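Everything on this sheet refers to the single structure shown next.
Residue numbers (this note's numbering): 1341 to 1490.
The structure is reproduced here in structure tokens:
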């Protein structure tokens, strides 16, 4: 089974580790040193590699963008409930993150955006399982609702 690693540049590795563990994720010590830390999102499936900016630069010849000035990616993590989304974002806010946008609630899907202390955008969401299986339009038709939440 494929595993996804999302590489994120950070300015302060210890601060970033504290932030991501406050979200409920764990650090894999086998892939963590003074340059990087492996943040396990879902064991065996997905992880963040938080890398010092200097170390991140060794992976590309392109300049590293400043995520506090211009967005280039938003990483979405789907959770098991709306409450888990709220709990995770609240923990992130307490650990130095910010929430630049209000929550989005489509009824069948709920999302909140959390920016880490380095400006990397994380989106935490929950989707009604039936909507995930059938697609939002089919689910909305069964419920007699607009899939865009209008």
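Backbone N, C-alpha and C define an ideal beta-carbon position, used for all residues, glycine too.
Small disclaimer: the values here were computed from a predicted structure and weren't measured.
Under the three-state DSSP convention, the category residue i falls into
i            : result
residue 1439 : coil
residue 1402 : coil
residue 1369 : helix
residue 1345 : strand
residue 1465 : strand
residue 1361 : helix
residue 1388 : strand
residue 1445 : strand
residue 1382 : strand
Close-in-space but distant-in-sequence residues of the same chain around residue i (CB under 8 Å, 5 per side omitted)
i            : result
residue 1362 : 1431, 1432, 1434, 1435
residue 1355 : 1436, 1457
Contacting residues, own chain, Cβ-Cβ under 7 Å from residue i (five flanking each side not counted)
i            : result
residue 1379 : 1360, 1365, 1367, 1387, 1388, 1390
residue 1440 : 1453, 1455
residue 1375 : 1391, 1392, 1395
Cβ distance (whole Å) where residue i is taken to contact residue j below 8 Å
i            : j            : result
residue 1465 : residue 1411 : Going by Cβ atoms, the distance from residue 1465 to residue 1411 rounds to 17 Å, so no, they are not a contact pair.
residue 1392 : residue 1350 : 7 Å
residue 1448 : residue 1480 : 7 Å
residue 1343 : residue 1385 : 6 Å
residue 1377 : residue 1348 : Residue 1377 to residue 1348, Cβ: 10 Å. No contact.
Own chain residues within Cβ distance below 6 Å of residue i, not counting five before or after
i            : result
residue 1451 : 1444, 1463, 1465
residue 1458 : 1350, 1351
residue 1407 : 1459, 1460
Which runs of the beta strand (DSSP E) fall wholly inside the region 1406–1431 and span at least 3 residues, in chain order? 1414–1418
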